[in-house]
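Residue numbers (this note's numbering): 1 to 80. Glycine is no exception: its CB is placed at the ideal position from the N, C-alpha and C atoms. First the structure, in the form of structure tokens, and then the observations on it.
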């Protein structure tokens, strides 16, 4: 299964990268589907890995982090 994550490390970090992955625990009562959120499948999987475990990542060619300053870019749109 694949989930998109954006690296927080910059391009000077060669051969490795850093991620921030928020863990989503389950909350609410499963008996009431309108008030229940299941746990995040991948975030909990990664959270439960042992130190030193390996995980495979897939690189998507169009998902390249562009460091500041953004040459040739006139505007940046940010959504929160």
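Checking the DSSP bridge columns, you'll see residue 37 partnered with 27.
Taking 8 Å as the cut-off, the beta carbon of residue 37 is found closer than this to the beta carbon of residue 26. Excluding its 5 nearest sequence neighbours in each direction, residue 22 has C-beta neighbours in its own chain below 7 Å: 43, listed in chain order.
Residues of the same chain with a CB within less than 8 Å of the CB of residue 28, apart from the 5 flanking positions on each side, are 35, 36 and 37 in chain order.
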